[in-house]
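Colleague:
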Amino acid sequence: QQQVKQSPQSLIVQKGGISIINCAYENTAFDYFPWYQQFPGKGPALLIAIRPDVSEKKEGRFTISFNKSAKQFSLHIMDSQPGDSATYFCAAKTGGFKTIFGAGTRLFVKA
Amino acid sequence: SQTIHQWPATLVQPVGSPLSLECTVEGTSNPNLYWYRQAAGRGLQLLFYSVGIGQISSEVPQNLSASRPQDRQFILSSKKLLLSDSGFYLCAWSPGTGDTQYFGPGTRLTVL
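Line order of the protein sequences matches chains A and B. The C-terminal residue of the first sequence carries number 111 in our numbering, and the numbering is unbroken. The C-terminal residue of the second sequence carries number 223 in our numbering, and the numbering is unbroken.
(1) Going by DSSP, which residues form a beta bridge with B:R148?
(2) Of the residues that make up the region 81 to 111 of chain A, which ones have a beta carbon closer than 8 Å to any beta carbon in chain B?
(3) How close, in whole Å, do the beta carbons of B:T211 and A:L46 come, if the pair is a contact with beta carbons under 8 Å?
(4) By Cβ distance below 8 Å, which residues in the same chain neighbour B:N141 in space, the five residues on each side in sequence not counted?
(5) For the beta strand (DSSP E) that contains A:K93, what are its first and last residues?
(6) Using a C-beta cutoff of 8 Å, does B:D182 count as contacting chain A?
(7) Run the CB neighbour count on A:K93, radius 10 Å, all protein chains shown included, and call it buried at 16 or more, exposed below.
(8) Taking the alpha-carbon positions, what's the B:L223 to B:L122 distance?
(9) Comparing C-alpha positions only, which one of B:P180, B:R179, B:W146, B:G154 sits nearest to B:F214?
(10) Flag A:L46 as yes if its beta-carbon sits less than 8 Å from any beta-carbon of chain B, otherwise no.
(11) At which residues does the beta strand (DSSP E) containing B:Q184 begin and terminate?
(12) How about B:T218: is its C-beta nearer than 8 Å to some C-beta of chain A?
(13) Would you decide whether A:G43 is buried or exposed? Buried here means 16 or more other CB atoms lie within 10 Å of its CB.
(14) Return the bridge partner residues of A:F101 from the DSSP annotation.
(15) Please tell me whether B:L192 and B:S128 are closer than 8 Å, where the distance is taken between their beta carbons.
(16) Would a C-beta distance cut-off of 8 Å place A:A49 and A:F66 closer than the cut-off?
(17) When you check each C-beta in the region 121 to 139 of chain B against every C-beta of chain A, which residues fall closer than 7 Å?
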């Protein structure tokens, strides 16, 4: 029940295309859903986050879509660029101290 | 602004040797602190977290231990390294009442 299931494991997208990464959870007590971006050899960095009281949040080319009833949320990267090639982690958190991370998605954007 | 430091950046150690990785946070007080391990091409495994000086919670029984001797200092240790301890070790912090975790640059540990 504490898991966050992320898919796909890897993704190849053409430059200019839309990248979509999906996550699902079971614990309805989760109330904070961040996405992290990690480049090789670096620590993950917060990309965008959402709370369950909204269904969508957009920051530049990055959008989180949140479906509370389905217990699913997704990251959309519009106009994907080679510089977006990285590993993306979804995550979920309750009011406690721990954040539960998905297994990660390796995104490769072909030029 | 807040900054998180980890050192060393890379480390190669023989099996059976001790380990000490250090993490410090600047620009904040009473942060929650975390140690994660990331195997090559894999996800983030939470090892330890701390909500205050001397308060350590262990998530995975293993060959490692953690200590928090000062408010903004978090140390990961081992008395005898195993081959399976190889990986990318990440320290993170979050505000005491906040949700977002902020990660350090990581330490690449190779045990030979």
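Note that the Cβ used here is the ideal one computed from N, Cα and C, for glycine as well.
Modeller: Once the coordinates are examined:
(1) B:Q156, B:Y200
(2) F89, K93, F97, K98, T99, F101, G102, A103, G104, R106
(3) 6 Å
(4) G163, D182, G207
(5) 86 to 93
(6) no
(7) buried
(8) 11 Å
(9) B:W146
(10) yes
(11) 184 to 189
(12) no
(13) buried
(14) A:A91
(15) yes
(16) no
(17) none
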